[in-house]
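First comes the structure, then the notes that go with it.
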Amino acid sequence: MKEYNFAEIESRVRKYWSEKEIYRVSEDSTKSPYYILDMFPYPSGAGLHVGHPLGYIASDIVARYKRHRGFNVLHPMGYDSFGLPAEQYAIQTGQHPEKTTRTNITRYREQLDRIGFCYDWSREIRTSDPSYYHWTQWVFLQLFNSYYDTAEQKAKPIASLIKQFENSGSNGVMAYTGAEISFSAQEWQSMGLQAQSEILMNYRLAYLGESMVNWCPALGTVLANDEVSEGLSVRGGHPVEQRKMKQWCLRVSAYAERLLNDLEDLEWTAALKEMQRNWIGKSEGAELEFRLADSDRTFTVFTTRADTVYGVSFVVLAPESKLVEQFTTPGQKAEVEAYLDATKRRTERERIADKRVSGVFSGSYAISPLSGEKVPIWISDYVLAGYGTGAIMAVPAHDSRDFAFARKFGLPIIQVVVPEGEEPSDPTEWTDSKDSKTGTLINSDLLNGLSVLQAIAKAKEIIKERKLGQVKTNYRLRDAIFSRQRYWGEPFPIYYKDGVPHALPEDRLPLCLPEVDKFLPTENGEPPLGRAKDWCTEEGYPLELSTMPGFAGSSAYYLRYMDPHNNNALVSPEANRYWRHVDLYVGGTEHATGHLIYSRFWNKFLYDLGIVCEAEPFRKLVNQGMIQGRSNFVYRIKDSNTFVSFGLKDRYEVSPIHVDISLVKNDILDLEAFKSWRPDFASAEFVLEDGKYVCGWAVEKMSKSMYNVVNPDDIIDRYGADTLRIYEMFLGPLEQSKPWDTNGIDGVHRFLKKLWALYYDEKGLRLEDSEPNKEELKLLHKLIKKVGEDIENFSFNTSVPAFMITVNELGRLGCRSRKVLRPMLVLLSPFAPHVAEELWQATANEDQPESIVEACWPELDESLLVEQTVHYPVSFNGKVRFHLDLDANLNKEQIESAALQSSSAAKWLEGKAPKKVIVVPGRIINIVI
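Here the sequence shown is numbered in the numbering used here, starting from 1 and rising by one per residue.
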């Protein structure tokens, strides 16, 4: 019998696919396009572990299935190859990031190829390739040269805004701006270039402005929120502080309403949409003017509940607010400065998530605009400078964080009536509330008797009538900080003439990274590009020293895949009109707010410019879960080099230590391998159970630091890529996280061997051109229906047992029919493409494609699934006595008659007439005697 030699088969099949360029794709007007995209990886030196391919395998199954269905499938892959890890490695070793990145990409490509993905590698992109970041720089220039027209709700050239300024100044300008500025045409024309540039920065969609950033002095760069944890850099664990710096930013906030509204039409999960809505954070409310006590100075606060203004008992400022310095009294200065210093070490994301209460009194008071009451002004990090005005009026009765703050610092809580459905923060605080259905404030005659919504509307009217402020809509969504003080990133196509930033001409793109002697900041604190010789334009003007962040290259990469070799445009109109958008995007939920927001923003901007034909980039998005690692632990007795087995550890004072899972089998530690693992364990001694050392275990994130990483190469070497693919799908539903456990992988491998045995026996190929019987056809068409529905619904895990059952049943029936076994290969091909391709070619028909990749999905015949007979359990007085196979089309009376006339029934009737016969068609027969 020809053996199932997976290593030989998979190597030969991959070579065939490569030589024939099976997966190369081009625009084809005779076929419907289908664009499937994976969130492309950052190529780290560690390579892939078994958790990484989960989403890739799922998208590959869909891509192959869609090809079988006749679609022209675009399924590309590339590398997000700029980033801080490569730069840090370069600093440590002196190796250029380009070299290490290239080495890592080669490793990734080898691993991806071994798993057998149907990527069109002719479209590969790398964000660190100048031919790619040419277009990242080009998009930045378009953003720099555009503003957002609030009347037309779209981006327009900044040149047209400048003309308005020249003709009529700021009067009547409908433009989204970071600051309200008023000037006449004459004033504009009399300004110098520096002043005009500063005004335009308030309108440009890419602008230079002051922002609070996560600054890491040790790394000499700004970090993104997800690069910081608990005040330390994720990379290296260095202290990070909040600092106000001049940075390039993208005015994402201009698109907030469109980003929010367009979510409705996307095929995304409700949870993912809700995450985006919360991140955008639309709030409709009012800005109120408060007056500083004993002063004529005023300041503005934003509130979504204007009706609760009578319940204000204090005001809170964000630590970054300019008002902090102005309102802090001399007696409170030291305490305030200490609090501000502590706050600098926390990111805004951490502050939002943290429920701990902290704050400091400024020493000043404010006058509430409606009640006239004097209230204290506090400073706390639960208020953010970028949301609203950076100052809030605190109403403890209607806000849980205000309530917690008031309780901690002993501030007054003005009692209000609790609206229906709005429970107070702590019900024990409210004992005197009456008429709780009105939702009114006890001490507010103006709003008495109104519902909450009516009271909010009435309060807004009062605010406008008394000119105490203005009604306003706010968004939590911030402008994106778009510059990093690093080397390994896209250079900005910006130069400075007399201190004014100018756009580099497009014909000088790409602006390539220069060589530097070190990848560190200069001695005077400039970014690494400050080390480059002659880092200036041809005319001698200095170029920008910062580089773009990691998300720059990933914000429009899906468009470049459509037309990757175009030297004249990001994407041609023809290619974009054909592919249009990503039909299916697969990736992790960790990108739900950052990458997806930025990509949608870039796409909408390019849509405004007419570069793309769709307002949204990703129609359907699926988040795969995480494959977690199964970690193992040894337990070292305190102050010793002795390790105690798991079942005995409670007898000692021990500390758990992660141990490399390669040293453990079925939780039993290989003692000699452990002693050889690390020098400090060479003299280790052990307290054993029954002569064995039993390790503890836990399910954790797969990570090198936890020694629980499983290399897919090891699995492929032992079982083959098809086994790995099927097993990853078999572990559980795609969207759920699940632990990696190889206990079931042998079963999947045995299944593939059984499959092989359907096609080969000791004499060779066993297929015949005989007509299949009804049972064989029924098994095939049940599988066609099941697998098709599962792939459409991303229920890949339930297809695997269906394959196993079908193969077992066909084996039991001794099926040899080519008309059953060849179509079954097409069904299996998305899951196990190597073995399917091998068997397809071995059982070739002249009238079918040479490669299974080009084969059509088998047509489903529903009539073959109709049950012809029903297997009835026949009971007497509720106890099953025998079974009866009857025609599925019989009615109740015919079923009853057939049961009573059965020879088996006579034994149990004993000549008696039944008192009653209960028949449930298709299910049971019960005879009562």
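All C-beta atoms in this analysis are idealised placements derived from N, C-alpha and C, irrespective of residue type, glycine included.
Residue i versus the options, residue with shortest Cα-Cα distance
i: L828; options: S863, W756, T329, P873; result: W756
i: V222; options: W248, E230, Y207, M201; result: W248
i: S703; options: F361, D660, K638; result: D660
i: R401; options: V835, K355, I57; result: K355
i: A254; options: E515, F327, A195, T150; result: T150
i: M174; options: F482, P521, Q153; result: Q153
i: M626; options: Y561, E735, I637; result: E735
i: K533; options: F519, P514, L520; result: P514
i: R277; options: R407, K916, I597; result: I597
i: G732; options: Y108, A842, A58; result: A58
i: P958; options: G94, I158, R484, Q142; result: Examination of residue 958 is not possible in this model, given that the chain is present from 1 through 929 alone.
i: A964; options: K99, Q137, E10; result: Given a span of 1 to 929 for the chain in the structure shown, any question on residue 964 remains unanswerable.
i: E506; options: R577, V452, I494; result: I494
i: Y635; options: I784, G610, E685, F618; result: E685
i: N576; options: V622, R258, Y561; result: Y561
i: F482; options: F144, A457, Y727, I918; result: F144
i: F794; options: P830, L779, A898; result: P830
Distance between beta carbons of residue j and residue i, contact taken as under 8 Å
i: V586; j: D113; result: Wrong, their Cβ atoms sit about 19 Å apart, outside the cutoff.
i: R630; j: P739; result: 5 Å
i: I377; j: A394; result: At roughly 10 Å, the Cβ-Cβ gap does not stay under 8 Å, so I377 and A394 are not in contact.
i: Y119; j: M77; result: 4 Å
i: L263; j: K273; result: 5 Å
i: Y35; j: L74; result: 5 Å
i: V928; j: N877; result: 6 Å
i: I895; j: I925; result: 7 Å
Beta-carbon spacing of residue i, residue j below 7 Å
i: G83; j: P833; result: no
i: L250; j: A455; result: no
i: L511; j: P542; result: no
i: P527; j: L545; result: yes
i: W602; j: A556; result: yes
i: T303; j: G331; result: no
i: H398; j: T473; result: no
i: L767; j: L821; result: yes
i: A86; j: T101; result: yes
i: L54; j: Q628; result: no
i: Y558; j: V582; result: yes
i: K644; j: C695; result: Per the sequence presented here, residue 644 reads as Val, with Lys not at that position. Against a cut-off of 7 Å, the Cβ pair of C695 and V644 comes out as no contact.
i: H502; j: F551; result: no
i: H49; j: V709; result: yes
i: A179; j: N202; result: yes
i: S146; j: L193; result: no
i: S875; j: S817; result: no
i: S362; j: T328; result: yes
i: S368; j: V312; result: yes
i: E320; j: A385; result: yes
i: D80; j: Y56; result: no
Residue i classed as buried or exposed, judged by whether at least 16 other C-beta atoms fall within 10 angstroms
i: E539; result: exposed
i: W17; result: buried
i: E19; result: exposed
i: Y4; result: buried
i: G922; result: exposed
i: N641; result: exposed
i: H565; result: exposed
i: S903; result: exposed
i: S676; result: exposed
i: A906; result: exposed
i: L865; result: exposed
i: P424; result: Note on P424: pLDDT 43, under 50, position unreliable in the model; no value is reported.
i: G388; result: buried
i: N443; result: Note on N443: pLDDT 44, under 50, position unreliable in the model; the coordinate value appears next. So N443 ends up on the exposed side.
i: K31; result: exposed
i: S131; result: exposed
For residue i, the residue or residues it bridges with in DSSP
i: P33; result: N72
i: F686; result: F643
i: Q496; result: According to the sequence provided, residue 496 is Tyr. The question's Gln does not apply to it. Answer is P501, bridged to Y496.
i: H883; result: P873
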